[in-house]
Structure formats: structure tokens, C-alpha cells
Amino acid sequence: MQLLKLKKDFDKLQLIYGEPTLNSIYGAGCIKNPDAMFIFMNPTSKNVSSLPDWQGLRAPWLGTKNIWQFFYKLNLLPKSYFEKTQQLKTADWTVRFATEIYRELAKKKMYVTNLAKCTQLDA
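For reference, each letter of the sequence shown is one residue, going 5 to 127 in our numbering.
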């Protein structure tokens with residue numbers, strides 16, 4: 005669900021543009037011929053997977069609420085997953101749930117990533 009060959013590049017950019025106390029957030033979802041790719045700007049520090057002690061998938065929006073409303077309205081998530089994203093507090097997200105929700109997006113042929121700054125494309 006992640007493009008492993010890009011992790012070094014993400015880490016390099018995180019050191020240049022990111023918050024030094026947080027880890028890189030890699031994209032996740034369908035990595036082979038996705039139908040759509042969502043690219044977001046300025047990843048949030050509220051993402052539980054940016055914390056150094058997080059042991060799971062480092063993917064955008066884990067532990068947040070708003071983006072999952074968007075994905076649900078686009079019919080990319082089942083209601084049960086959406087409801088869980090709205091009920092859980094950031095610290096309550098589990099590695100298992102994070103993996104499951106990105107598997108759901110992968111099934112819908114979606115890939116989600118973020119960029120800290122547009123200038124990263126020139127790096």
C-alpha cells in the first residue's frame with residue numbers, strides 16, 4: 005500500500021521542510037494504476053502516524069476527522085469506517101484500523117499523499 009522506493013525522498017524533504025520532531029508521512033492506498041490520487045498540502049501534526057513512536061502505516065490523515073467526511077461523501081468509505089473515524093480521538097487510532105481504512109481506499113483504486121510545499125517538486 006506504500007511506494008517503498010520513495011521513502012528516502014520523503015524523509016529528505018521532511019528534514020528540509022517538515023517539523024523536525026515528527027516523522028515523514030508517506031502516501032498510502034492503491035499503488036498500482038490507481039483511478040485517482042489525492043495530493044494534499046501541509047500535512048497536519050495531528051496525524052498520529054507522524055509521531056516517532058507510531059509503529060504502523062505512515063499515511064495521511066490518521067487520527068483526524070474532516071478528510072474522512074470528504075471521502076465518505078465521495079462514496080470511498082463504508083459507513084462503518086466513516087463513523088469510526090468520527091468517534092475515535094487521535095490517540096485512540098490503532099495500527100490495525102489505520103491499515104484497514106487504507107485498504108478500503110486501495111480497493112476503490114485511490115491513492116492519498118501529501119506535500120509540505122510546492123517547491124518540493126523541484127528538490
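Where is the CB? At the ideal position from N, CA and C, for every residue including glycine.
Remember, predicted model here, so these are calculated numbers, not experimental data.
Cβ pair residue i, residue j closer than 8 Å
i: Gly-22; j: Thr-117; result: no
i: Ile-29; j: Ser-53; result: yes
i: Trp-49; j: Leu-80; result: Per the sequence shown, the amino acid found at residue 49 is Ser instead of Trp. No; because the gap between Cβ atoms is not below 8 Å, this pair is not in contact.
Residue i to residue j span [Cα, whole Å]
i: Lys-113; j: Lys-36; result: 8 Å
i: Asp-58; j: Lys-77; result: It is Trp, not Asp, that sits at residue 58 in the sequence shown. The straight-line gap from Cα to Cα measures roughly 28 Å.
i: Phe-14; j: Leu-109; result: 21 Å
i: Met-5; j: Arg-100; result: 14 Å
i: Ala-63; j: Leu-55; result: 11 Å
i: Ala-40; j: Leu-66; result: 19 Å
i: Trp-72; j: Thr-89; result: 7 Å
i: Leu-61; j: Gln-18; result: 17 Å
i: Leu-10; j: Lys-16; result: 10 Å
Delimiting residues of the alpha helix (DSSP H) encompassing residue i
i: Tyr-30; result: First-last for Tyr-30: undefined, no H or E at that position.
i: Leu-109; result: 99 to 111
i: Lys-16; result: 11 to 21
i: Gln-91; result: 83 to 91
Integer-rounded CB distance, given that residue j should sit under 8 Å from residue i
i: Tyr-106; j: Gly-33; result: 6 Å
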